[in-house]
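For reference, the structure discussed in these notes is given below.
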Amino acid sequence: MFAVDYTSGSGFLHTKIGDVDFYCINDGDGSMPNALFPDASRDILQKFAPSGKSPSSFSAFVVKKGTQTILFDTGNGNQLLTNLKTAGIKTDEISAVVLTHSHGDHVGGLFSGDKQNFPNASVWITEKEVPYWKNAGNSALLAKTVDAYGELKIITTDEKTPVVIPEVVAIDVAGHTPGHTAFLVSSGNDKVVIAGDLLHGAAIQFPNPEISCRYDNNPKQAAESRQMLLARAANENWIFTASHIPFPGFGKIEKAEKGFKFVQQTNLK
Ligand SMILES: [Zn+2]
């Protein structure tokens, strides 16, 4: 159980992490079919995803402190703008867009057509992710992003260098993509980790973190990063959230007999 209050409207969750405002913003819902997990045995799929798919969502996150409003990822840009508005966050108050990685369902909301969605924001990413973004088929979007938002700001993943504000540091969780990054937000006694695409099928991968997804660029490295971050979240009592946990995926990680268990904060609907 967490001692945090929250309000949840349609498509957003708001809570306080120490004196920082924290939001999960829903960009849409979906599901991940079992075919995305070729390394999962038939027994595992039958046990954890008997319907043939795992429920999922596309989420972005906002951290607000003083004059800084940081948006972590932008979803596909489906319901993001509507749900930011419902949460009372204006697009022109976003001062930084911090990216976990460069896949379309995380960078797609930077623009609506040719319109720059966050006119006062800089865009932050790791150095390792830039060549991947350039080569992975959406180099046009990268060029368009630099054109509109200015030169990319480079994130350091030494877990000491602040990312935009002192309360945020970056953790290297490479594997899903070469520069895939998680972000740890710490304030007061609370810590929450934004884990990006550490997992896609929550139902399958929390209990079986060794199983990677077809979307993982380097499946072996992705599995190592997954096990490392889930173990740290469990050991260090972090609140855990990630882009594709069914919305609002905001809870704690417990070690299970095998793998881990995601315990949604009990007072969330
Ligand atoms: Zn994704």
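Residue numbers for the sequence shown follow this note's numbering, beginning at 151 and rising by one. Glycine residues also receive a C-beta, built at the ideal position from the N, C-alpha and C atoms. Keep in mind the model is a prediction, meaning the values are calculated, not measured.
Kindly examine ligand 1 and report whether one of its heavy atoms sits closer than 7 angstroms to the Cβ of residue 393. yes
With H, G and I counted as helix, E and B as strand and the rest as coil, what does DSSP make of residue 241? helix
Paired residues, beta bridge with residue 265 - DSSP: 262
Check residue 350 in the structure and name its three-state DSSP category. coil
Nearer than 7 angstroms: is that true of the beta carbon of residue 330 relative to any heavy atom of ligand 1? no
Output the residue ranges of the beta strand (DSSP E) runs that lie fully inside the stretch 295 to 377 and measure 3 residues or longer, sorted by chain position. Within the stretch 295 to 377, the complete beta strand (DSSP E) runs of at least 3 residues fall at 303 to 305, 318 to 322, 331 to 337 and 340 to 344.
With DSSP collapsed to three states, give me the class of residue 405. strand
So, at 6 angstroms on beta carbons, what are the nonlocal neighbours of residue 179 in its own chain, with the 5 sequence-adjacent residues on each side left out? 207
Could you tell me whether the stretch 169 to 177 touches the stretch 190 to 209, where touching means 3 or more Cβ pairs closer than 8 angstroms? Verdict: yes, contact present.
Along the chain, where does the alpha helix (DSSP H) containing residue 229 start, and where does it finish? Careful: residue 229 lies outside any alpha helix (DSSP H) and carries neither H nor E.
With burial defined as no fewer than 16 other Cβ atoms inside 10 Å of the residue's Cβ, what is the status of residue 151: buried or exposed? Low local confidence applies: a pLDDT of 31 at residue 151 is under 50, so the model's placement there is unreliable, with the coordinate-based value given in what follows. By the neighbour-count rule (16 or more Cβ atoms within 10 Å), residue 151 is not buried but exposed.
Return the CA-CA distance between residue 296 and residue 347, expressed in angstroms with no decimal places. Residue 296 and residue 347 have their C-alpha atoms roughly 23 angstroms apart.
Backbone secondary structure at residue 415 - three-state DSSP: coil
Suppose you measure from the CA of residue 214 to the CA of residue 233; what does that come to, to the nearest Å? Taken atom to atom, the span from the alpha-carbon of residue 214 to that of residue 233 is near 16 angstroms.
Near residue 405, what residues of its chain come up, given a Cβ to Cβ distance below 6 angstroms and the 5 sequence neighbours on each side ignored? 384
Kindly provide the ranges of any alpha helix (DSSP H) runs that are 4 or more residues long and lie completely inside the stretch 178 to 221, ordered along the chain. 192 to 198
Following the continuous beta strand (DSSP E) through residue 164, name the residue where it begins and the one where it ends. 162 to 167
Residue range of the unbroken beta strand (DSSP E) whose run includes residue 274: 272 to 276
How many angstroms separate the CA atom of residue 334 from the CA atom of residue 342? About 6 angstroms.
Which residues DSSP lists as bridging residue 171, in chain order: 166 and 214
Span of the beta strand (DSSP E), counted from its first residue to its last, around residue 392: Neither: residue 392 is in no beta strand (DSSP E) and is coded neither H nor E.
Endpoints, beta strand (DSSP E) assigned at residue 286: Residue 286 -> no beta strand (DSSP E), and no H or E assigned at all.
Measure the Cβ-Cβ separation of residue 318 and residue 332 and say whether it is below 8 angstroms. no
Note down the Cα distance separating residue 364 from residue 393, rounded to an integer number of angstroms. 16 angstroms
Compute the distance between the beta-carbons of residue 268 and residue 294, then report whether it is under 8 angstroms. no
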